[in-house]
Structure formats: C-alpha cells, structure tokens
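Here the structure comes first, spelled out in structure tokens, and everything after it is commentary.
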Amino acid sequence: MQRIAIIDYGMGNLQSVSKALEKVAPTDEVVVSSDAAIIQSADRIVCPGQGAAADCMKALVASGLGQAVIDTVHTRPFLGICMGLQVLLSRSSENNGVDCLDIIAGDVERFENPLTDESGARLKVPHMGWSEVKQTQPHPLWKGIADQTRFYFAHSYYCIPNDLSVVTGTTEYGRSIAASVAHGNLFACQFHPEKSAASGLQLLENFTQWNGES
Amino acid sequence: MGLAKRIIPCLDVDGGRVVKGVKFLEIRDAGDPVSVARGYDIAGADEITFLDITASSDNRDTILHVVEEVASQVFIPLTVGGGIREVSDVRRLLNAGADKVGINTAAVNRPELVREATDKVGSQCIVVAVDAKSVAGPGEAPKWEIFTHGGRKATGIDAVEWAVKMAEFGAGELLLTSMDRDGTKIGFDLGLTKAITDAVEIPVIASGGVGNLQHLSDGVLKGGADAVLAASIFHFGEYTIAQAKEHMAAQSIEVRL
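Heads up: the sequence lines are chains G and P, in that order.
At position 62 of the first sequence the residue is numbered 1310 (our numbering), and the sequence of numbers has no breaks.
At position 12 of the second sequence the residue is numbered 28 (our numbering), and the sequence of numbers has no breaks.
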C-alpha cells in the first residue's frame, strides 16, 4: 500500500480530489494534510488549489508547505492541478503580480479582454467548461485517454512556460494554451481531472500507477 | 474545436431529498440526490446543479451531507445554491465538495457579499443567480427587473445593470432565470438572455422555460448562452441528455459527446 498525500494549504475544495483518488486507488491510503512531515513521507503528492494566486502563495509560504513542494517535486510522482500548476511557475500577473515557486520557469497571465476565437467570436472569461486537450507529447498519464478528449477547465489565468518542451497537452481558448506540463516526475494540469468524468478518473488512476518516468 | 456548450440538469432538494423525484433514471430511489446525480453523470450531463429549497433552518445542514455524498461518487462539476447568506455558508458548501456556489437573494440584499466571497474563494466558485422579469409596458423598449421571493417581490433593479455589476464584483458565472418563463415550457426569454450575454464577459447559464430540445439550441444560438439549464424535460424522461446533445450538435453547436 502506498500513501498519496494531498497538500492542504487552506485553498479550495480538496474533497473532490481525495474522493476521486480513493475511487481509482481503493487500496492506497489517501491523506489530506497540512503537515509538511506527512507530505514529505508520502509516496505520491497531489497539489490542488483554487482561488487567487496571491492568497495561494501566501498560504503556501505561511504554512511552510511551499518548501514541502520544493523538496518533493523532483523526488517522487507529483501532480499539480489548476492553481497547483500555476504556483509552480516563476510569477503570476494576478493580484498585480505575485512571485510563485519558480519550479517551472515562466509566467502566468490573464486572458485578454475582450477575448475572441479565430472566427472573431467572443469568448467568455473565466474559461469555464469542457475543452478538448491535444496531447502534444506522449506521456504515461495519457494512457487509455484518446487524443482530443474533453476535460473540465475553470480558470481566468493561464501558464506560459519559457521552455515549451515541458508542455504535454494544449487546448484552444483564444490561443493555444498549455493544458498540461510535465518535467521528470512532475505532471501538472490546468484542467480538473477530478471533475472530468471517466477520462479524468483515468488520468488520476494513471498517476497512482506512474513510476515517475516520462 | 473550442469550448463545449454545457447542458445542466437542475434538481430541487428539500430536507436532503430530491423534490418530486426523477422518473426516467433506472434507479431504486428517485428521491435520493446521490442516485440521481450519479444517473445524470452516466447519462452525460456536463454539470449538475442542486437548488436547496429547504425552508426550515433546522434542516439547513442536510444539504452539506448531500453534497459530501454526491461529491464522493460523482466526478463532474457540482453547483449548489439556495440559502446562502454569508461567506461562511459558501465555504461550508465548498468544503463539503461543491465546486461552485450559487448566491441569489443575499446578493440583492447585500451585493458586497459577492465581492467578499470571490475574494476568499475565487471567481470560478461563485455563481450569481439572476432572477429577472420583463417590466416593459406595451410599446416600450424591452426592460427587465430583478425579482426575489420566487418572482413575487420587485426590487427596482434593472437586470442588465445588475448583471454587469455582479460581474464587476467578481462573479465567475451568472445563472439567469426568466421568472416569466419558469415552468411555462414555452422556451427561454431570448431577448433577456441576449441582453445579458452581450453585456457581460463572464459565462451565462440560461434557465427558465425549456419545454423541448429546440429551446436549448435557441438559448445558445439566439440567446448567446454558454450553458443551458433545465429540469422537468430531463427529470420526467421526455428527453435524455444524449438526445439534447445530438439535437444541438446537428445545429453545429459544440457539445461534449
């Protein structure tokens, strides 16, 4: 039995992530924790997150859990979800600019307003709903998931990694944006696998079985 | 391909039970919110909305248990509305497993609540319910006003101005219900829908009046809605979610199939 720790830094709905993991990995121990020691001793780590970037970063720093992320993100299978992806970049333009963990070099920017698609039709912000994800690189977490499968997104800011070779999936929303990134044992997605029905559960199940190699 | 237009079944929940039940899903207990939500997930719904209509304050916490149960078994977005008065109510629902919380009367009474809630939990978690009624006299330009108390109480607030204000206050989405059309099955108030969707940058869910599948399509094509919400046409088995999506896809509306 392995232990999967979900980092609880006080931002957002952790219930959905933990229930989804319990469903796909019924024999594993899934713990939601704000204790850095428990997180550092886990076999796998999930970093979710909702809310504003400044609040998330403040909570990560104040709780000491940002350091737990830095300590573990390169050493065992690590999954970032939504804000749990954005905090991994260098900085976010949200809340007039916030320094983030700088694990993936790059920026987080807001969708422009007004935002339009290639035909000139207006797009709403937040980007909320089901969009197709193009798998731009093979990855073990895509196993059993068809290319261009729709996943559930809910965000107004998006990541722009400096090194585009870390991007494993893209989605179109006014422009091509990074839907997921991977680097070594880290995989992080802008969409919510815990809210993306069967395909999302498949991705989570793949994560629970992933050896951390790409 | 872009973003899919969402189809959202809405369930009224009273004291932890689905009101009037659901008659098409092959489930043992048609009043059990968990069974019904699971049925809609399997049927291909893009999201589920629970409206808690529990009147007694003694029973207010029953919805939290319902949300916990549903969130542990249904892995599509769940919106819960009804009875929200303070930010702490929002937090409790989110902690129980709701993805979004709908704020209605409390926003009318105290608009700042929307700003406080979005500051705390993020815009993507806050849906403001906009209940509007036409108030234009004969020959006048179309005009809609916000009503509370199930459409009985006028507020004097212009619906379009209100929608813009709620978006400015940080709402992530609007759930727009025509109180004139609610329950009529004659279709959305498309003029109202278009007026609101044109006025705001955030997504709008159209609600109130759906009686057939073309009404859903019209909400998107003519009203500009980003999502369509319906209750009875799905609950009583007149149409399935799959039929709704096929119907919309045939008119070149992007849906999640």
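All residues carry an ideal CB built from backbone N, CA and C; glycine is no exception.
Quantities reported herein were computed from a predicted structural model and do not represent experimental measurements.
Can you find a CB in chain P that lies within less than 9 Å of the CB of residue i?
i	result
M1376 of chain G	yes
K1267 of chain G	yes
E1380 of chain G	yes
R1358 of chain G	no
G1448 of chain G	yes
D1355 of chain G	no
K1372 of chain G	yes
P1299 of chain G	The sequence as given places Gly at residue 1299 of chain G; Pro does not occur at that position. Yes, G1299 of chain G counts as interfacial toward chain P.
Y1400 of chain G	yes
P1362 of chain G	yes
K1306 of chain G	no
Q1288 of chain G	no
A1285 of chain G	no
H1322 of chain G	no
Q1334 of chain G	no
Suppose you measure from the CA of residue i to the CA of residue j; what does that come to, to the nearest Å?
i	j	result
V226 of chain P	D147 of chain P	16 Å
V180 of chain P	I1286 of chain G	45 Å
V220 of chain P	D242 of chain P	5 Å
T95 of chain P	G1392 of chain G	29 Å
I1293 of chain G	G207 of chain P	49 Å
C1407 of chain G	Q267 of chain P	34 Å
R197 of chain P	M17 of chain P	32 Å
G276 of chain P	H1403 of chain G	The question about residue 276 of chain P has no answer, for chain P in this structure spans 17 to 273.
R1423 of chain G	L1327 of chain G	25 Å
E184 of chain P	K1306 of chain G	24 Å
L67 of chain P	H1431 of chain G	42 Å
C1304 of chain G	T70 of chain P	34 Å
R22 of chain P	G199 of chain P	21 Å
K1271 of chain G	I92 of chain P	14 Å
H1375 of chain G	Y1421 of chain G	8 Å
V124 of chain P	K1443 of chain G	30 Å
L1262 of chain G	V271 of chain P	28 Å
A1273 of chain G	R54 of chain P	19 Å
Which residues in chain C have a C-beta closer than 8 Å to the C-beta of residue i? List them in chain order.
i	result
S104 of chain P	Considering every chain present, this structure includes no chain C. Its protein chains are G and P.
Residue i CB to nearest chain G CB: under 9 Å?
i	result
R22 of chain P	yes
P49 of chain P	no
R101 of chain P	no
R272 of chain P	yes
Let me make sure I understand the geometry here. Which of the options has the alpha-carbon closest to that of residue i?
i	options	result
E63 of chain P	G:Q1450, G:A1445, G:L1449, G:E1453	G:A1445
S1281 of chain G	G:R1398, G:A1316, G:K1382	G:A1316
N111 of chain P	P:V137, P:N120, P:G172, P:S51	P:V137
Q259 of chain P	P:L237, P:L232, P:A114	P:L232
E254 of chain P	P:G235, P:I269, P:E262, P:L229	P:L229
L190 of chain P	P:G203, P:K201, P:I202, P:A175	P:A175
G166 of chain P	P:D205, P:S139, P:G224, P:K201	P:G224
G114 of chain P	P:V83, P:R101, P:K210	The question names Gly, but residue 114 of chain P is Ala in the sequence shown. Measuring from the Cα of A114 of chain P, the nearest candidate turns out to be P:V83.
S1379 of chain G	G:F1439, G:P1388, G:S1341, G:R1358	G:F1439
I1255 of chain G	G:L1313, G:A1268, G:M1249, G:V1309	G:L1313
Quick one: grab the DSSP three-state call for residue i.
i	result
I79 of chain P	helix
I30 of chain P	What sits at residue 30 of chain P in the sequence shown is Asp, not Ile. D30 of chain P: strand per DSSP, three-state reduction.
Y1196 of chain G	Look at the range of chain G in this structure, 1249 to 1462, and you will see that residue 1196 of chain G is not part of it.
I269 of chain P	coil
R1251 of chain G	strand
E1442 of chain G	helix
R54 of chain P	helix
G1312 of chain G	coil
R1456 of chain G	Residue 1456 of chain G is actually Thr in this sequence, not Arg. T1456 of chain G falls in the helix class under three-state DSSP.
D68 of chain P	strand
For this session: May I have a chain-ordered list of the beta strand (DSSP E) segments no shorter than 3 residues that lie completely inside the stretch 205-256 of chain P?
Result: 220-223, 243-246
For this session: Could I get the ranges of all uninterrupted alpha helix (DSSP H) runs contained in the stretch 1317-1401 of chain G, with 4 residues as the minimum, in chain order?
Result: 1331-1334
Exercise. Enumerated in chain order, which unbroken segments of the beta strand (DSSP E) with a length of 3 residues or greater are wholly contained in the stretch 141-217 of chain P?
Worked result: 142-150, 160-164, 169-174, 189-194
For this session: Kindly provide the ranges of any alpha helix (DSSP H) runs that are 4 or more residues long and lie completely inside the stretch 1258-1288 of chain G, ordered along the chain.
Result: 1263-1272, 1284-1288
Exercise. Curious, which full-length alpha helix (DSSP H) runs of at least 4 residues does the stretch 98-142 of chain P contain?
Worked result: 103-112, 121-125, 128-137
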